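In the numbering used here, the protein residues as written are 723 to 944.
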């Protein structure tokens, strides 16, 4: 009889209660083994190197480095690991930013226990997985067919991201961008993270330099 090794899962969420809840849910399945817990993106990157998980479940918004930035780094360092975002945010731009960073799926935190376990099994089998509610939002430009691919010649910035990038070139902080555009600070932060990923740069200064060099934005974008 062939013995199948359990799927090794690393959890990354800055709320201990959420991590404990996930552990209780996933321990029910003999097919899943929790190999580590991270409270931020930096810890997730380190534990991925140390524990070598098959799948990382990572929150989008965490204290310190968030899930989008951490996913991009983990994907570059560990191209074979499966990464799935777990969040309360269903907005298409946030989902696409996570997928552009290199995630294999995106789940909402209201997912049921059975749906979460099934999603992990499907992810481990090579599928791209989204919460059922997100799959219904395909018409809202959510990438439900696979990881988004962005070429250097087509950065694929949306209208709101162009507005955010224009304000970044003016030196505005995330809270100032949020106030100017009438959005929340976390949403502004997600837009900035998505822009950095799409431009393939590591910080705001590089993004601003690239925008100026290639004429990516102009005053009419605000």
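Each residue gets a CB set at the ideal place from its N, CA and C atoms; glycine is no exception.
As the structure is a prediction and not an experimental result, all values here were calculated from the model.
Nearest to residue 783 by CA position, among 890, 904, 814, 762, is which residue?
Closest by C-alpha distance to residue 783, out of 890, 904, 814, 762, is 762.
Please return the same chain residues whose Cβ sits closer than 7 Å to the Cβ of residue 933, not counting the five positions on each side in sequence.
Around residue 933: 887, 891, 939.
Local conformation of residue 794 per DSSP, three classes:
In the displayed model, residue 794 falls within a helix according to three-state DSSP.
Is it buried or exposed, residue 791, if we count other Cβ atoms within 10 angstroms and call 16 or more buried?
By the 10 Å Cβ count, residue 791 comes out buried.
Secondary structure of residue 698, DSSP reduced to three states
Missing from the structure shown is residue 698; the chain here goes from 723 to 944 and no further.
Under the rule that 16 or more other beta-carbon atoms within 10 Å means buried, what is residue 867, buried or exposed?
Annotation note: pLDDT 42 at residue 867 (below 50); position unreliable, coordinate value reported separately. So residue 867 counts as exposed.
Measuring alpha carbon to alpha carbon, tell me which of 738, 811, 730 ends up nearest residue 755.
Out of 738, 811, 730, 730 has the C-alpha closest to the C-alpha of residue 755.
Measuring alpha carbon to alpha carbon, tell me which residue in 926, 787, 778 is nearest residue 828.
Looking only at 926, 787, 778, the smallest Cα-Cα distance to residue 828 is reached by 778.
Near residue 744, which residues of its chain fall below 6 Å by C-beta distance, leaving aside the five closest residues on each side in sequence?
Contacts found: 733.
Given this structure, state the Cα-to-Cα distance separating residue 843 from residue 898, to the nearest angstrom.
For residue 843 and residue 898, the distance between alpha carbons rounds to 42 Å.
Does the beta-carbon of residue 760 have 16 or more other beta-carbons within 10 angstroms, so that it is buried, or is it exposed?
It counts as buried.
Taking the C-alpha atoms as reference points, what is the distance between residue 937 and residue 816?
For the pair residue 937 and residue 816, the Cα-to-Cα distance works out to about 25 Å.
Identify every run of the alpha helix (DSSP H) within the segment 834 to 860, keeping only runs that are complete inside it and at least 4 residues long; order them along the chain.
Segments of the alpha helix (DSSP H) lying fully in the segment 834 to 860: 835 to 846, 854 to 857.
Report the partner residues of residue 810 according to the DSSP bridge assignment.
None; residue 810 has no bridge partner.
Between residue 900 and the rest of its own chain, which residues show a CB-CB distance below 8 Å, the 5 nearest in sequence each way excluded?
906, 907, 909, 910.
Taking just the CA atoms, how far does residue 804 sit from residue 776?
Computed Cα separation, rounded: 6 Å.
For residue 781, which of helix, strand or coil comes out of DSSP?
Three-state DSSP puts residue 781 in a strand.
Backbone CA spacing between residue 832 and residue 737 [nearest angstrom]
Straight-line Cα distance between these residues: approximately 16 Å.
With burial defined as no fewer than 16 other Cβ atoms inside 10 Å of the residue's Cβ, what is the status of residue 809: buried or exposed?
Burial of residue 809 is indicated by the presence of at least 16 other C-beta atoms within 10 angstroms of its C-beta.
From 838, 735, 727, 836, residue whose alpha carbon lies closest to that of residue 769:
Residue 735 holds the alpha-carbon nearest to the alpha-carbon of residue 769 among 838, 735, 727, 836.
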